[in-house]
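Chemist: One structure, pasted below without further comment.
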Amino acid sequence: MNFSQITKAFEEVSNISSTNEKIEWLKNHDDPDFKEVLAWYLDTSRVTGIAEKKYDKVTAVHPNFTTQDQKTFSDVIRYLDCNKTGRDDDVAYVKYLGDLICKPEDVNTFRALVCKNFPMGLKEGIVNKA
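The numbering of the sequence shown is our numbering, which starts it at 152 and goes up by one.
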């Protein structure tokens, strides 16, 4: 799951103003990674416990070990599904994962997705129509 591609897809759909055009765009967009992140993002029962203020306050903690595994946004989702308390440790680890998977230009999108406040104008009903 290439996070730059996910960022591009979220930005594309947020730049579309018409609801019908958004539905059409979603019908024609077949990226399973984007659909996985979108489903997670729109699922109100899957909370992150991370607010923007908390995200900005905590600094990323880089563990003393190096990981051989390639990290993806799916890893972030899995971590947040298990650790949704919003504790400083959880936020620091999420920011660390963001440092691993994000290019500098994608950091704001990562932050918005993790805090679940990306302004894209999509609701479950629109996605269900697609």
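No residue lacks a Cβ here, since even glycine has one placed at the ideal position from N, Cα and C. The structure displayed is predicted, hence computed values, not measured ones.
Please confirm whether any heavy atom of the ligand GDP lies closer than 7 Å to the CB of Val-212.
Modeler: The ligand GDP is not among the ligands present in this structure, which contains no ligands whatsoever.
Chemist: Could you pull the start and end residues of the alpha helix (DSSP H) that Lys-222 belongs to?
Modeler: Segment: none, Lys-222 is in no alpha helix (DSSP H) and carries neither H nor E.
Chemist: From which residue to which residue does the alpha helix (DSSP H) around Ala-281 run?
Modeler: Taken as a continuous stretch (DSSP letters only), Ala-281 belongs to no alpha helix (DSSP H), as it is neither H nor E.
Chemist: Report yes if the C-beta distance between Ala-243 and Ala-211 is below 8 Å; otherwise report no.
Modeler: yes
Chemist: Name the two residues that bound the continuous alpha helix (DSSP H) containing Arg-238.
Modeler: First-last for Arg-238: undefined, no H or E at that position.
Chemist: By Cβ distance below 8 Å, which residues in the same chain neighbour Lys-222 in space, the five residues on each side in sequence not counted?
Modeler: For Lys-222, the CB contacts under 8 Å within the same chain, skipping 5 residues up- and downstream, are Leu-248, Leu-251 and Ile-252 in chain order.
Chemist: Using a threshold of 8 Å, state whether the C-beta atoms of Arg-262 and Asp-232 are closer than that.
Modeler: no
Chemist: Does DSSP classify Val-212 as helix, strand or coil?
Modeler: coil
Chemist: According to DSSP, is Pro-183 helix, strand or coil?
Modeler: helix
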